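> I am attaching a structure below and will ask some questions about it afterwards.
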Amino acid sequence: MKPPGRPASGTQLTQRLRCPRHRCAMAAGRCLLLLLPWLVVAPHSPPGCKIRITSAGLELVKQEGLRFVEQELQNITVSDLHGKEGPFHYNISQVRVTDLQLALSDLHFQPQQHLAFDINNASISLRFRRQLLYWFFYDIGSINASADGVHIHTVLQLAKDGAGRLKISNITCNASIAKMHAGFSGTLRKVYEFLSTFIISGMRFLLSQQICPSLEHASLVLLNSLLDTVPVRSDVDEHIGIDYSLLRDPAVSTDTLDLDFKGMFFPRAREDQELENHAVEPVIKETERMVYVAFSEYFFDSAMHAYFQAGVLAIELQGEKVPKDLEVLLRATFFGTIFMQSPAVDAPLRLVLQASAPPRCIIKPSGTSVSVSAFLNISLVPPDRPAVQLSSMAMETKLSAKVFLQGKALRVQLDLRRFRIYSKQSALESLALFSLQAPLKTLLQLTIMPIINERTKKGVQIPLPEGMDFTKEVVTNHVGFLTVGADLHFSKGLREVIEKYRPAPTAPAEPSTEPSAEPSTGPRQL
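Under the numbering used here, the sequence shown has 374 at position 369, and the numbering climbs by one with no breaks.
Okay, here's the thing in structure tokens:
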């Protein structure tokens, strides 16, 4: 090995290799090369929309979720229990849950990605069919039983799936029953009391084994079908859509669950178009309300950029659509130019107003505003002849924006605050256009702004599951973003929404309803 420059002699090279300083430098270089792939860290993508669910919101979810869990546990199916003890053959079948008492329950956040749901000291009442064969005696009837001291502990892991949707990715569950007893009656009551140890212990085992599979199906299948109703990529109108895909897995603390959404609008004609997010990242510090939703300037900028790319930030007024007072003023202002077009003096006027660049949103603690740069072309449109341009003027406007949340829709009401026109040709022409400033501002306020607000009236949906809405919304402005604090309300129950989207089950083979005349004599391991 020879370094650049003058070749080193063998003695010099040996001395360098023996020097501790050179050996350390070489070792550090090798370590740095090995670590380089690990030092390349993916950039953090700031969200355009952020949602925080607090402990207060989770408490409301718990109340609705508890009703859902009760309904699921009531549908538990327990396998038939067969057995033989000496000359006694017994068969327990048609087990069904008749009542549930879930007195003590708790749903809480568990860092880093989990929700923990606990049920303690619950009771489950059962009713099942009994059959007993003892020599030549045969007995049939029903038995009422109850399981007490039922404890269920489940942990749901939340994650972002491949489509950017929030999902329950895994569940761990433990269930136990402290005790179980049954009441027997009939002619062979003493015999059943003799067999109660085998029957009750078997029933307790079978029941405890069915609780967790029922809750796993409810979480991984049914609740995930509810999360499927949260929009990820959806159409806003015929021109643009919105991308609400999650940027990363949810962040769970002891008191909150935070979800970072992309929050980017896109033109439907070019759905793969991306707009880089250089805005301030929303920061939610509050925890008092049930839910908080934050929107950065990027959220609104991407909407206006998408509309601009879709080519809809333009409006044309021609002929009778031009207000009469404005038409008279325009003809007087451009009288000389119009007079030179002698055959087209009485031709109708055409006004074309079009944004020259995507509008920009500015959010400050004092309010939200939108800056718009546009140009206005005024032309004569004689029939069967090319249009004659009278003027092309630049326009700068500033709109105030009132942002509010209603139901699950974010709406914006715009109002014109500042308006300025000037000529792109000369300062002298800009001075001549000064008399048009007030009439054109009135045109914008009375004609253009209602059209724009009609488009924003529908609003855009916030990524919440179907059946869940916001109430008592309060909007707060910050530097570069705004937050909406609200409470939650269930307009539909979880079961109602799940049943709406549940796929139609395939018809199973119809089982025989005839009871067995003689119970099975083969013992089944408990």
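Quick reminder that beta carbons are idealized off the backbone N, C-alpha and C, glycines included.
Just so it is clear, the structure is predicted and the values come from calculations on it, not from any experiment.
Is DSSP giving lysine 462 helix, strand or coil here?
Coil at lysine 462, not helix or strand.
> If you pair each beta-carbon of the region 244-264 with each one of the region 152-170, do three or more pairs fall below 8 Å?
The region 244-264 is in contact with the region 152-170.
> If the criterion is Cβ atoms closer than 9 Å, does the pair alanine 379 and alanine 406 meet it?
No, the Cβ-Cβ distance between alanine 379 and alanine 406 is not below 9 Å.
> Let me check understanding here. Comparing Cα to Cα, which of Ser428, Val377, Ser384 and Leu385 lies closest to methionine 398?
Selected option, being the one with the closest Cα: Ser428.
> Roughly how many angstroms lie between the CA atoms of threonine 103 and valine 226, to the nearest whole one?
C-alpha separation (whole angstroms): 25 Å.
> Would you call the CB atoms of glutamate 302 and cysteine 366 closer than 9 Å?
A contact, by the Cβ cut-off of 9 Å.
> In terms of alpha-carbon separation, which member of Asp277, Phe142 and Thr202 lies closest to glutamine 314?
Of the listed residues, the one whose Cα sits closest to glutamine 314 is Asp277.
> Among the residues of its own chain, which have a CB less than 6 Å from the CB of isoleucine 182, if the five just before and after it don't count?
The answer, listed in chain order, is Ala152, Val155, Arg209 and Ser213.
> Using the beta-carbon count (16 or more within 10 Å), is valine 333 buried or exposed?
Its Cβ having fewer than 16 others within 10 Å, valine 333 is exposed.
> Could you check whether the region 250-258 touches the region 118-126, counting it as contact only if at least three pairs of C-beta atoms, one from each stretch, sit closer than 8 Å?
Yes, the region 250-258 touches the region 118-126.
> Are glutamate 478 and lysine 497 touching if we call contact CB-CB under 9 Å?
No, the pair does not count as a contact, with Cβ atoms beyond the cut-off.
> Can you check which of these residues, Thr234, Leu356, Pro353 and Leu354, is closest to lysine 505 by C-alpha distance?
When each option's Cα is compared against that of lysine 505, the closest is Thr234.
> Which residue from Leu231, Ala150 and Leu105 puts its Cα closest to that of serine 128?
Answer by Cα proximity: Leu105.
> Can you grab the Cα-Cα spacing for the pair leucine 385 / proline 468, in whole Å?
Taking the straight line from one Cα to the other gives about 48 Å.
> Give the DSSP bridge partners of valine 375, in chain order.
The partner list for valine 375 (beta bridge, DSSP) reads Cys366 and Leu404.
> Threshold first: 3 residues or longer. Then list the beta strand (DSSP E) segments lying entirely within the region 98-131, N to C.
List check, beta strand (DSSP E) in window: 109-115.
> Measuring only the C-alpha atoms, how far is leucine 354 from leucine 445?
Roughly 14 Å between the two C-alpha positions.
> Let's see if you can read the secondary structure: which residues bound the beta strand (DSSP E) around isoleucine 453?
No beta strand (DSSP E) contains isoleucine 453, which DSSP labels as neither H nor E.
> Work out the CA separation of methionine 400 and arginine 275 for me, nearest whole Å.
Using only the alpha carbons, I get a separation of about 28 Å.
> Note down the Cα distance separating asparagine 458 from arginine 72, rounded to an integer number of angstroms.
Asparagine 458 and arginine 72: Cα-Cα distance of roughly 42 Å.
> Which term fits lysine 462, buried or exposed, when burial requires 16 or more other beta carbons within 10 angstroms of its beta carbon?
Per the 10 Å Cβ criterion, exposed.
> May I have the straight-line CA-CA distance separating glutamine 99 from leucine 78, to the nearest angstrom?
Going by the C-alpha atoms only, they are around 16 Å apart.
> In three-state terms, what does DSSP make of lysine 429?
If DSSP states are grouped into helix, strand and coil, lysine 429 belongs with coil.
> Verify whether the separation of the beta carbon atoms of alanine 538 and phenylalanine 270 is less than 9 Å.
Lying outside 6 to 531, the shown extent of the chain, residue 538 is not represented and no answer is given.
> Tell me whether serine 219 sits in a helix, a strand or coil according to DSSP, three-state version.
If DSSP states are grouped into helix, strand and coil, serine 219 belongs with the helices.
> How many Å lie between asparagine 96 and glutamine 215 at the Cα?
If I take the Cα positions, the gap works out to 19 Å.
> Can you round the beta-carbon distance between serine 110 and arginine 132 to whole angstroms, since I take them to be within the 8 Å contact cut?
Not confirmed; about 24 Å, so no contact.
> Look at the alpha carbon of phenylalanine 424 and the alpha carbon of leucine 438, and state the distance between them as a whole number of angstroms.
If you take the alpha carbons of phenylalanine 424 and leucine 438, they lie about 13 Å apart.
> Would you check if the region 55-68 and the region 292-300 touch, i.e. whether three or more CB-CB distances between them fall below 8 Å?
A contact exists between the region 292-300 and the region 55-68.
> Measuring from the CB of histidine 87, is there a heavy atom of the ligand FMN at a distance below 8 Å?
This structure does not include the ligand FMN; it has no bound ligands of any sort.
> I'd like the span of the alpha helix (DSSP H) that includes histidine 310, first residue to last.
It spans 302-315 - the alpha helix (DSSP H) in which histidine 310 sits, taken as one unbroken run.
> Taking Cβ to Cβ, would you say leucine 441 is nearer than 9 Å to isoleucine 426?
Yes, they are a contact pair.
> From which residue to which residue does the beta strand (DSSP E) around aspartate 263 run?
Residues 261-266.
> Taking lysine 413 as the reference, give the member of Glu321, Phe475, Asp248 and Gly53 with the closest Cα.
Looking at the Cα atoms, Phe475 is the closest of the given residues.
> Between Ile368, Gly169 and Leu220, which has its C-alpha nearest aspartate 248's C-alpha?
Minimum Cα distance to aspartate 248 is reached at Gly169.
> When the distance is taken between beta carbons, is leucine 419 closer than 9 Å to valine 489?
Not closer than 9 Å, so no.
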